[in-house]
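Here the sequence shown is numbered in this note's numbering, starting from 4 and rising by one per residue.
I have placed the structure first, in the form of structure tokens, so that the comments after it can refer back to it.
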Amino acid sequence: RGRVNIPYDKPCIILEGSSMSNTIISYGDKQATTTFVSAPPNVILSGITFENTFGHSGPAVAAKINGDKTAIFKCGFLGYQDTLFDASGRHYYKNCYIQGEIDFIFGFAQSFYENCVMNATQDSSLYPGYITAQSRKLPTDQGGFVFRRGFVTGFGKVNLGRAWGPYPRVIFWGTDLSSVVLSEGWDAWMYKGQETGVQYSRPCPMGEEAK
């Protein structure tokens, strides 16, 4: 148990655990404390769960991924608000499990999520949750999140995303969205009435047929 930081001057690292259930990096003594930070380029993560146990009362990041050309396989990210800070760079996630309530995948990165599970745990008696909060500040920014196949699971009700910037870009492509996803799907948030720069897409229908 404790925090782990891979500094920027330590590139080309492979961090490999035995499995998501057996190798767990967990922390959460206070708000806004990040459990795991990966800053350098050319990092591979595999078979590890990153967890922030702080609770429901504010941002609690399980992992912050900054480095360019980062590849992540069969890893888990567990938290509540702001679970995975997909901060910057080009990233590839495959067969990962990401759990949270509010904005639990957020950031500025250019990332591709393949066959991942996004598990939404927001109590819908309060208000709906949000899976993504992607941010592009300019239309020329390269960031964006693409979710290819995979599943949205959980309980309560959740939106696919909300705009954390004037030019967010998120695509769910052939993802099984299940009944937890609200029919409207998206929220312009602070950019209501200014949606011309928003790029949200759900090319395949919701439900089990969206493979």
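No residue lacks a Cβ here, since even glycine has one placed at the ideal position from N, Cα and C.
Inset, instruction - Tell whether a beta-carbon distance below 8 Å holds between Asn118 and Gly157. - result: no
Legend entry - Pro131 and Leu180 closer than 8 Å at C-beta: no
Legend entry - Contact under 8 Å by Cβ, Ile75 with Tyr100: no
Inset, instruction - Indicate whether the contact test is met: 3 or more Cβ pairs, each with one atom in the stretch 78-93 and one in the stretch 62-69, closer than 8 Å. - result: yes
Inset, instruction - Tell whether a beta-carbon distance below 8 Å holds between Ile9 and Ile47. - result: no
Legend entry - Own chain residues within Cβ distance below 8 Å of Asn162, not counting five before or after: Pro131, Gly132, Tyr133, Ile134, Val184, Leu185, Glu187, Gly188, Trp189 and Asp190
Legend entry - Cα-Cα separation, Gly164 to Val40: Rounded to the nearest whole angstrom, the C-alpha separation of Gly164 and Val40 is 24 Å.
Inset, instruction - Under 8 Å by Cβ, that's how I've got Lys140 and Pro169 pegged, so tell me the actual separation to the nearest angstrom. - result: 7 Å
Legend entry - Residue burial classification, Lys214 (beta-carbon count within 10 angstroms, cutoff 16): Residue confidence for Lys214 is low, a pLDDT of 34 falling below 50, so the modelled location carries little weight and cannot support an answer.
Inset, instruction - Run the CB neighbour count on Asp126, radius 10 Å, all protein chains shown included, and call it buried at 16 or more, exposed below. - result: exposed
Inset, instruction - State the beta-bridge partners of Trp176 as determined by DSSP. - result: Arg151
Legend entry - Ordered list of beta strand (DSSP E) runs contained in the stretch 102-173, each at least 3 residues: 105-110, 113-117, 120-123, 132-137, 147-151, 154-157 and 161-165
Inset, instruction - Assuming Gln102 contacts Phe80 (C-beta within less than 8 Å), just tell me the rounded distance between them. - result: 7 Å
Legend entry - Length-filtered (3 minimum) beta strand (DSSP E) runs lying within the stretch 14-77: 16-19, 27-30, 39-41, 46-49, 52-55, 66-68 and 73-76
Legend entry - Cβ-based neighbour list, Asp106, same chain, cut-off 6 Å, excluding 5 preceding and 5 following: Asp85, Tyr133 and Ala136
Legend entry - Contact set for Tyr11: own chain, Cβ-Cβ below 6 Å, skip 5 residues either direction: Beyond the five residues adjoining it in sequence on each side, Tyr11 comes within less than 6 Å, by CB distance, of Ala42 and Pro43 in the same chain, given in chain order.
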